[in-house]
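Chains A and B supply the protein sequences, listed in that same order.
Read in order, the letters of the first sequence are residues 1 to 341 in my numbering.
Read in order, the letters of the second sequence are residues 1 to 341 in my numbering.
Think of the CB as a built atom: it goes at the ideal place given N, C-alpha and C, for glycine as much as any other residue.
Since the structure comes first, as structure tokens, the remarks are kept for the end.
Number of protein chains: 2
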Amino acid sequence: MGERAHRPTVKEVAQRAGVSPMTVSRTLSGGLNVKPDVQQRVLAAVAELGYHRNENARSIRPGHSSGLIGVAITNIANPYYSTFALGVEEEVALAGRRILLGNTSEDVTRETELVGDFLGRRVDGLIVVPAGTASDHLAHSQSQGVPVVLASRRIDGLAADSVVLADDDGAHRGTIALIDRGHTRIGYLGNSISIFTGERRHAGFVRALEERGIPLDSRLVATDQQTVDQAREAMRALLRAKNPPTAVFCANNRNAIGALKEISTQLSTGLRGAADFPEIMSFDDFELAELSPVPISVIDHDPRELGRTAARLLLDRLDGDARDAAPRAIELPVSLRVGVR
Amino acid sequence: MGERAHRPTVKEVAQRAGVSPMTVSRTLSGGLNVKPDVQQRVLAAVAELGYHRNENARSIRPGHSSGLIGVAITNIANPYYSTFALGVEEEVALAGRRILLGNTSEDVTRETELVGDFLGRRVDGLIVVPAGTASDHLAHSQSQGVPVVLASRRIDGLAADSVVLADDDGAHRGTIALIDRGHTRIGYLGNSISIFTGERRHAGFVRALEERGIPLDSRLVATDQQTVDQAREAMRALLRAKNPPTAVFCANNRNAIGALKEISTQLSTGLRGAADFPEIMSFDDFELAELSPVPISVIDHDPRELGRTAARLLLDRLDGDARDAAPRAIELPVSLRVGVR
DNA sequence: CTGTTAGCGCTTTCAA
DNA sequence: TTGAAAGCGCTAACAG
Numbered sequence: 001m002g003e004r005a006h007r008p009t010v011k012e013v014a015q016r017a018g019v020s021p022m023t024v025s026r027t028l029s030g031g032l033n034v035k036p037d038v039q040q041r042v043l044a045a046v047a048e049l050g051y052h053r054n055e056n057a058r059s060i061r062p063g064h065s066s067g068l069i070g071v072a073i074t075n076i077a078n079p080y081y082s083t084f085a086l087g088v089e090e091e092v093a094l095a096g097r098r099i100l101l102g103n104t105s106e107d108v109t110r111e112t113e114l115v116g117d118f119l120g121r122r123v124d125g126l127i128v129v130p131a132g133t134a135s136d137h138l139a140h141s142q143s144q145g146v147p148v149v150l151a152s153r154r155i156d157g158l159a160a161d162s163v164v165l166a167d168d169d170g171a172h173r174g175t176i177a178l179i180d181r182g183h184t185r186i187g188y189l190g191n192s193i194s195i196f197t198g199e200r201r202h203a204g205f206v207r208a209l210e211e212r213g214i215p216l217d218s219r220l221v222a223t224d225q226q227t228v229d230q231a232r233e234a235m236r237a238l239l240r241a242k243n244p245p246t247a248v249f250c251a252n253n254r255n256a257i258g259a260l261k262e263i264s265t266q267l268s269t270g271l272r273g274a275a276d277f278p279e280i281m282s283f284d285d286f287e288l289a290e291l292s293p294v295p296i297s298v299i300d301h302d303p304r305e306l307g308r309t310a311a312r313l314l315l316d317r318l319d320g321d322a323r324d325a326a327p328r329a330i331e332l333p334v335s336l337r338v339g340v341r
Numbered sequence: 001m002g003e004r005a006h007r008p009t010v011k012e013v014a015q016r017a018g019v020s021p022m023t024v025s026r027t028l029s030g031g032l033n034v035k036p037d038v039q040q041r042v043l044a045a046v047a048e049l050g051y052h053r054n055e056n057a058r059s060i061r062p063g064h065s066s067g068l069i070g071v072a073i074t075n076i077a078n079p080y081y082s083t084f085a086l087g088v089e090e091e092v093a094l095a096g097r098r099i100l101l102g103n104t105s106e107d108v109t110r111e112t113e114l115v116g117d118f119l120g121r122r123v124d125g126l127i128v129v130p131a132g133t134a135s136d137h138l139a140h141s142q143s144q145g146v147p148v149v150l151a152s153r154r155i156d157g158l159a160a161d162s163v164v165l166a167d168d169d170g171a172h173r174g175t176i177a178l179i180d181r182g183h184t185r186i187g188y189l190g191n192s193i194s195i196f197t198g199e200r201r202h203a204g205f206v207r208a209l210e211e212r213g214i215p216l217d218s219r220l221v222a223t224d225q226q227t228v229d230q231a232r233e234a235m236r237a238l239l240r241a242k243n244p245p246t247a248v249f250c251a252n253n254r255n256a257i258g259a260l261k262e263i264s265t266q267l268s269t270g271l272r273g274a275a276d277f278p279e280i281m282s283f284d285d286f287e288l289a290e291l292s293p294v295p296i297s298v299i300d301h302d303p304r305e306l307g308r309t310a311a312r313l314l315l316d317r318l319d320g321d322a323r324d325a326a327p328r329a330i331e332l333p334v335s336l337r338v339g340v341r
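Below, the structure written as structure tokens:
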């Protein structure tokens, strides 16, 4: 297996076709100024040898690029981010490019290493869901002519293109909807306030309460759940409170899913009925939300489109006419779907 | 932004440190035979210039490799595959390598293009969830010394390492469990029989029925659903049957989720109760399975471990002592969890 | 229309 | 311990 570990080169193709390497190169680059019959011979040799141009060798030549886009994501196993990655891949593939994917696990150190590695591999650009607020590594990338697009989260002080969701607006509308449904004790489950989306969604939530003159009860607010299990535990605590919430705002799918799991578990004891549990508002739609035992509403958006948009911002800057444009900040709208169940 | 689009080279670092490029190279490769104080100067210059070794240039030198692993997946947005990808990424990163990710959308043509592109980028190896039974492009990769690991699905006639799940055994045990629970009319929702997993899971299902002397009613078998929506429609058809099944075996998460969505929709009309719907057996666990309105059991396994195993098979062949080993076929066990809900 | 030369960034000789 | 030369695979630029 893999005994004959040989990768043919231009020279060998040239020899086999009885031409010079340049003729091979020209043929493979469109065949300009190469006689048709010669092209035939070259292509035949290519096929026979199973030749593939060495893109790495090509990319070191002046003017050529690697055709690689570095993508750093915090958690590829989260459906939100994997769908995002799909969008990026699709759009980037249309431009004949490929993605180098790295998972940061919300770890800035890892993100920094990853970016360094990507630069070493001469990526044409970077699409990053930043794990924190550190931006030196990204500014550094830009300073070397490798543009950066931030997705889902922005970083203060970094002049880079970005696509994010209408976090504040969505959270605000979702919370208002809960209030309009008569709730005054509303819990909050979210990711850390130190994270861009966490901060903005929390702000939208708080703003809605203030507008409606509902006092914020900090005992009903939990903001450091990154995983479903953590969210579940936080939900358990909320439900144990002396005066538990009648509705819970969940700032992302991890938290909404954790909340539902906890409700489901408690329901299965049979001690209480579904009506005894708070209804849910989830920022992020997710599969099977409609199976919720309690009423659930969703602040919906399209992570795939988020990925496509991020890719387009980058490609425009690379190939299009946005090369020297000022940083563009896009905010994708979200839509509120009340009573998914 | 990106005005000063300059990537420093060894030469510039060398100049700045007052040494030759070779000394820089040596320093960066561990510093063997370079005086400590000279190393200091070099590293200082590297830091000041923000230099990153050009991996593409390095990789064209004899003996050097790209450190890239090509990963071709059928649908990265499917949580099963995205978790698989996470496992691959993690394991590969431990070996200092990076993944080039491509989505095939179950399209063999796209897969072939992708593999060609990967070879052009001089990947060290390939991890593929094959979209079909075509193997020429993969055999070709092997013939050029680029090993291939098949994941989740094998290809007849291709001598390559592989990790798959115990599809037949899992489906068999799941079906037997349904029969033991008293079911004799069991529906089947699956992906195409022409797909490796589809064929094997279907076979396990059929085998169980045969063993227990239950006749196979082909009107209860639907095997071409690739998406949740298709699965939903197929489920609707099953439920409309004159003599509908009392249990449905779902060969993967797409089909199980589609089935549950359909049940959920029909329940919401209030015309029938949960007891009127078949119980579910799902090959693949998935988030919120426990919210199912009908009893559900799960044939569980670990896609992340599948990814890790695929990566390890490949790395062993690249770096380890499996370089010339015969193809290794691993089958990961699955576990049956009856009555998740 | 085709080939020769030169050099991209790097590192393995080989010499000092 | 350091450097000079040479060449990896490829393709602009310049002949012819």
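{"Check": "CB contact below 8 Å: A/A5 versus chain B", "Outcome": "yes"}
{"Check": "Neighbourhood of B/H137 by C-beta, 8 Å cutoff - its chain only, sequence neighbours within 5 removed", "Outcome": "E111, T112, V115, G116"}
{"Check": "Under 8 Å by beta carbon: chain B residues contacting A/P278", "Outcome": "Correct list: empty, because the minimum Cβ distance to chain B is about 16 Å."}
{"Check": "Within chain B, partners of A/L60 - CB distance below 9 Å", "Outcome": "A small correction: the amino acid at residue 60 of chain A is Ile; Leu does not occupy that position in the sequence shown. Within chain B, the residues near A/I60 are N54, N56, A57, I60."}
{"Check": "Nearest-angstrom Cα separation, counted from B/I69 out to B/L307", "Outcome": "Going by the sequence as given, residue 307 of chain B is Gly instead of Leu. Rounded to the nearest angstrom, the two C-alpha atoms are 13 Å apart."}
{"Check": "Stretch-stretch touch, CB-based, cutoff 8 Å, three pairs: the region 221-232 of chain A with the region 316-334 of chain A", "Outcome": "no"}
{"Check": "Amino acids of chain A, ordered along the chain, whose beta-carbon sits closer than 9 Å to that of B/T309", "Outcome": "Under the 9 Å cutoff, chain A gives no residues; its nearest Cβ is about 16 Å from B/T309."}
{"Check": "B/V294 beta carbon less than 8 Å from that of B/F283", "Outcome": "no"}
{"Check": "Residues sharing a beta bridge with A/L150, DSSP", "Outcome": "A/V128, A/S162"}
{"Check": "Selection from B/E106, B/R341, B/A329 that minimises the alpha carbon distance to B/A166", "Outcome": "B/A329"}
{"Check": "7 Å CB neighbourhood of B/R26 in its chain, flanking five on each side removed", "Outcome": "L32, N33, V34"}
{"Check": "Supposed contact pair A/S65 and A/D124 - C-beta distance, whole angstroms, cut 8 Å", "Outcome": "5 Å"}
{"Check": "Element boundaries [alpha helix (DSSP H), containing B/Y80]", "Outcome": "79-94"}
{"Check": "Beta bridge counterpart(s) of A/D136 as assigned by DSSP", "Outcome": "Answer by DSSP bridge pairing: none, since A/D136 is not bridged."}
{"Check": "Start and end residues, alpha helix (DSSP H) containing B/N56", "Outcome": "55-59"}
{"Check": "Neighbour-count burial assignment, A/L271, 16 or more Cβ in a 10 Å radius", "Outcome": "exposed"}
{"Check": "Test: A/A329 CB closer than 8 Å to a CB of chain B", "Outcome": "no"}
{"Check": "Burial state of B/M235 (16 or more Cβ within 10 Å)", "Outcome": "buried"}
{"Check": "Below-8 Å beta-carbon distance, A/R98 vs any chain B residue", "Outcome": "yes"}
{"Check": "Within 8 Å, strictly: CB atoms of B/A131 and B/T104", "Outcome": "yes"}
{"Check": "Beta-carbon proximity of B/A177 to B/S297, cut-off 8 Å", "Outcome": "yes"}
{"Check": "Residue span of the alpha helix (DSSP H) that contains A/S264, given as start and end", "Outcome": "253-267"}
{"Check": "DSSP state of B/I176 mapped onto helix, strand, coil", "Outcome": "helix"}
{"Check": "Close Cβ partners of A/V46 (< 7 Å) along its chain, the five nearest in sequence each way excluded", "Outcome": "V13"}
{"Check": "Near-chain B residues of the region 251-264 of chain A - C-beta to any C-beta below 8 Å", "Outcome": "I257, L260, K261, S264"}
{"Check": "Outcome for A/P333 when other beta-carbon atoms lying within 10 angstroms are tallied against a minimum of 16", "Outcome": "exposed"}
{"Check": "Collapsed DSSP secondary structure at B/L313 in the structure displayed", "Outcome": "helix"}
{"Check": "Distance CB(B/L238)-CB(B/R185) smaller than 8 Å", "Outcome": "no"}
{"Check": "Where A/E111 falls: helix, strand or coil (DSSP)", "Outcome": "helix"}
{"Check": "Residue interval of the alpha helix (DSSP H) (run including B/T25)", "Outcome": "Per the sequence shown, the amino acid found at residue 25 of chain B is Ser instead of Thr. Taken as a continuous stretch (DSSP letters only), the alpha helix (DSSP H) holding B/S25 covers 21-28."}
{"Check": "Where the alpha helix (DSSP H) containing A/A275 begins and where it ends", "Outcome": "No alpha helix (DSSP H) contains A/A275, which DSSP labels as neither H nor E."}
{"Check": "Within-8 Å CB hit, A/G2 to chain B", "Outcome": "The predicted position of A/G2 is uncertain, since its pLDDT is 37 and thus under 50; a value taken from the coordinates is nonetheless stated next. Chain B contact via Cβ: present."}
{"Check": "Exposed unless 16 or more other CB atoms sit within 10 angstroms - verdict on A/K215", "Outcome": "Strictly speaking, residue 215 of chain A in this sequence is Pro, with Lys absent from that position. A/P215 is exposed by the Cβ-count criterion."}
{"Check": "In DSSP terms, what A/A281 is bridged to", "Outcome": "Per the sequence presented here, residue 281 of chain A reads as Met, with Ala not at that position. A/M281 pairs with A/F249, A/S297."}
{"Check": "Bridge partners - A/S335, DSSP secondary structure assignment", "Outcome": "A/D300"}
{"Check": "A/P245 classed as buried or exposed, judged by whether at least 16 other C-beta atoms fall within 10 angstroms", "Outcome": "buried"}
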